[in-house]
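Engineer: One structure, as structure tokens, below. Some questions next.
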Amino acid sequence: MPDAVTDALDLVTAWAGRPIISTTIKGGLSHHIARVETDDGERWLLRVLDPLIAETGLGIPLDQEISNTIRAASTGVGAQVLHVMPNAVLLEYLDGVTLDAPAVREPATIEQIAAACRRLHSGPAFVNDFSIFRKLAQLLALCRTHDLTLPEGYLDVLPAARDIEAALDAHPLPAVPCHNDLLAENLIATPAGIRIVDYQLSGNNDPCFELGDIAAESDFDPDHVVRLTRAYFGSDDLVPRVRLNLIMSNLTWALWFVVHQGLVRNEALPDFDYSAEAADKFAQAARDIADPSFGHLIDGRKPPT
Ligand SMILES: Nc1ncnc2c1ncn2[C@@H]1O[C@H](COP(=O)(O)OP(=O)(O)O)[C@@H](O)[C@H]1O
Ligand SMILES: [Mg+2]
Numbered sequence: 628m629p630d631a632v633t634d635a636l637d638l639v640t641a642w643a644g645r646p647i648i649s650t651t652i653k654g655g656l657s658h659h660i661a662r663v664e665t666d667d668g669e670r671w672l673l674r675v676l677d678p679l680i681a682e683t684g685l686g687i688p689l690d691q692e693i694s695n696t697i698r699a700a701s702t703g704v705g706a707q708v709l710h711v712m713p714n715a716v717l718l719e720y721l722d723g724v725t726l727d728a729p730a731v732r733e734p735a736t737i738e739q740i741a742a743a744c745r746r747l748h749s750g751p752a753f754v755n756d757f758s759i760f761r762k763l764a765q766l767l768a769l770c771r772t773h774d775l776t777l778p779e780g781y782l783d784v785l786p787a788a789r790d791i792e793a794a795l796d797a798h799p800l801p802a803v804p805c806h807n808d809l810l811a812e813n814l815i816a817t818p819a820g821i822r823i824v825d826y827q828l829s830g831n832n833d834p835c836f837e838l839g840d841i842a843a844e845s846d847f848d849p850d851h852v853v854r855l856t857r858a859y860f861g862s863d864d865l866v867p868r869v870r871l872n873l874i875m876s877n878l879t880w881a882l883w884f885v886v887h888q889g890l891v892r893n894e895a896l897p898d899f900d901y902s903a904e905a906a907d908k909f910a911q912a913a914r915d916i917a918d919p920s921f922g923h924l925i926d927g928r929k930p931p932t
């Protein structure tokens, strides 16, 4: 167990004032997550933040993540923050079911996720801004500096990102406090609605990136995207914008896996195939950019169905 985790567990024991038992939760690829329990049945979620994740641009600076986690908690969407330690937070343990991609695609779940996003987005602004275009540039620069191998054909497709940015910048939307990394595993379904955890990449951003990222991470087809856009905005006018952001999610997060593989690795998950994940995300982006509908999306028109 890393020293930082042992230190954090000591601090939690002191805070709780009684012995605790901790069980590592394997799931995420970045930080150390554990369920912490006491003999008398109380339990919490300990999140020990790895500074390397922020240093490599795979997450925002840790102080920003902690501040945003507190702000997200104030909306009722994030878990309550019970205790803040150096580079670690103790959170409310959410009793619920962590979603997977098929669950996210269920029509009723899409409605609930849209409601949770609207609630998060109407809460207090986060302490930092986030742009998927700047994140792509940052990750690409790291790949170049460290001579990391990009998915084959990546640089041929990359100019499309500039076209997407220009199309979105022509009609900017006000930034809202976004999570920016809504893969299914960061969504927990509880009887009171969907809760959102893991503010590692949070920041004020275009709400259409939030929706496009949900769609990319859970392999939405165009009809699912329409459903999510309607559930969030009450109209499908912004479907092209959401689909352009879906493409940016795949194009950018492909590099997240390249950088993670090259600069961090993860002893906890030795079998995880980062290169395959990067190649898969890139292939989806390249497919969508080559599709005849891409021109419609850039023009802000709904593609013919
Ligand atoms: N507050 C919480 N209550 C209950 N389970 C949680 C909580 N936070 C996270 N989890 C569970 O732990 C998993 C990993 O946590 P997460 O914060 O997403 O870490 P990572 O940064 O490693 O992805 C989640 O997918 C979820 O199943
Ligand atoms: Mg996570």
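All the letters of the sequence shown, read from the start, carry residue numbers 628 to 932 under the working numbering. Even glycine gets a Cβ: it sits at the ideal position worked out from N, Cα and C. Since we're looking at a predicted model, the values are computed, not measured.
1) Looking only at its chain, what residues have a beta carbon closer than 7 angstroms to the beta carbon of TRP883, apart from the 5 residues adjacent to it on each side?
2) Quick check: the Cα distance between THR683 and GLU844, rounded to an integer number of angstroms?
3) Assign ASP850 to one of two classes, buried (16 or more other C-beta atoms within 10 Å of its C-beta) or exposed (fewer than that).
4) For LEU814, name the three-state secondary structure that DSSP assigns.
5) In its own chain, which residues sit with a C-beta less than 8 angstroms from the C-beta of THR736, not counting the 5 before and 5 after it?
6) Could you give the C-beta distance for ALA706 and VAL632, rounded to a whole number, given that I count them as a contact under 8 angstroms?
7) State whether the segment 739-753 contacts the segment 665-685, with contact taken as three or more CB pairs (one from each stretch) at a distance under 8 angstroms.
8) On the DSSP bridge list, what partners appear for ALA715?
9) May I ask you to check if the CB of GLN813 is nearer than 6 angstroms to at least one heavy atom of ligand 2?
10) Measuring straight from C-alpha to C-alpha, what distance separates TRP880 and ALA905?
11) Cβ-heavy atom distance between ASP727 and ligand 2 below 6 angstroms?
12) Among HIS887, CYS744, ILE693, whose alpha-carbon lies nearest the alpha-carbon of VAL754?
13) So what does DSSP say about PRO801, is it helix, strand or coil?
14) Tell me the rounded alpha-carbon separation between LEU782 and CYS770.
15) Is it buried or exposed, ILE648, if we count other Cβ atoms within 10 angstroms and call 16 or more buried?
16) Is any non-hydrogen atom of ligand 1 found closer than 6 angstroms to the C-beta of GLY889, if you look at the structure I gave you?
17) With respect to 6 angstroms, is the separation between the Cβ of ASP666 and the closest non-hydrogen atom of ligand 2 below this value?
18) Please say whether PHE909 and PRO778 have beta carbons closer to each other than 7 angstroms?
19) Does the contact criterion of 3 or more C-beta pairs under 8 angstroms hold for the segment 858-870 versus the segment 829-847?
20) Measuring CA to CA, which of VAL886, VAL891, PRO919 is closest to THR772?
21) Taking all protein chains shown into account, do 16 or more other C-beta atoms lie within 10 angstroms of the C-beta of TRP642, making it buried, or fewer, making it exposed?
22) Taking only the alpha-carbon atoms, compute the straight-line gap between ALA742 and ILE697 and give it to the nearest angstrom.
23) Could you check if LYS653 is buried or exposed, using at least 16 other CB atoms within 10 Å of its CB as the buried criterion?
24) Just verifying my parser: in three-state terms, what is the DSSP assignment at ASP690?
25) Based on DSSP bridge pairs, tell me the residues matched to THR772.
26) Is it the case that the CB of LEU717 approaches a heavy atom of ligand 1 more closely than 6 angstroms?
27) Would you mind sorting GLY922 into buried or exposed? The rule is 16 or more other CB atoms within 10 Å of its CB.
28) Of the residues GLY839, VAL853, LEU763, HIS658, which one's Cα is nearest the Cα of ASP677?
Structural biologist: Put simply:
1) Take TRP883, set aside five residues on each side of it, and the residues of its chain with a beta-carbon closer than 7 angstroms to its own are LEU685, LEU766, in chain order.
2) Looking at the backbone, the Cα of THR683 and that of GLU844 are separated by about 22 angstroms.
3) Counting other Cβ atoms within 10 Å of its Cβ, ASP850 stays below 16 and is therefore classed as exposed.
4) In the structure shown, the three-state DSSP call for LEU814 is strand.
5) The answer, listed in chain order, is LEU726, ALA730, ALA816, ILE821.
6) Not really, about 19 angstroms apart at Cβ, beyond 8 angstroms.
7) The answer is no - the segment 665-685 does not touch the segment 739-753, with fewer than three Cβ pairs under 8 angstroms.
8) Note: ALA715 is bridge-paired with VAL675, MET712 in the DSSP secondary-structure output.
9) Rather than Gln, the amino acid found at residue 813 in this sequence is Asn. The beta carbon of ASN813 sits closer than 6 angstroms to at least one heavy atom of ligand 2.
10) TRP880 and ALA905: Cα-Cα distance of roughly 7 angstroms.
11) Every heavy atom of ligand 2 is 6 angstroms or more from the Cβ of ASP727, so no.
12) In terms of Cα proximity to VAL754, the closest of HIS887, CYS744, ILE693 is ILE693.
13) PRO801: coil per DSSP, three-state reduction.
14) Straight across, the Cα-Cα distance linking LEU782 with CYS770 is about 12 angstroms.
15) ILE648 counts as exposed, since fewer than 16 other beta carbons sit within 10 angstroms of its beta carbon.
16) For GLY889, the distance from the CB to the nearest heavy atom of ligand 1 is not below 6 angstroms.
17) Incorrect: ASP666 has no Cβ contact closer than 6 angstroms to ligand 2.
18) Yes, Cβ-Cβ distance for PRO778 and PHE909 is below 7 angstroms.
19) The way I'd put it, the segment 858-870 does touch the segment 829-847; three or more beta-carbon pairs between them come closer than 8 angstroms.
20) Comparing Cα-Cα distances from THR772 to each of VAL886, VAL891, PRO919, the minimum goes to VAL886.
21) Burial check for TRP642: the Cβ neighbour count within 10 Å stays below 16, so the residue is exposed.
22) Each residue's Cα considered, the two are about 20 angstroms apart.
23) In this structure LYS653 is exposed. Its beta-carbon is surrounded by fewer than 16 other beta-carbon atoms within 10 angstroms.
24) ASP690 falls in the helix class under three-state DSSP.
25) Paired residue(s): none; THR772 is not in a bridge.
26) Answer for LEU717: no, Cβ out of range of ligand 1.
27) It counts as exposed.
28) It is HIS658.
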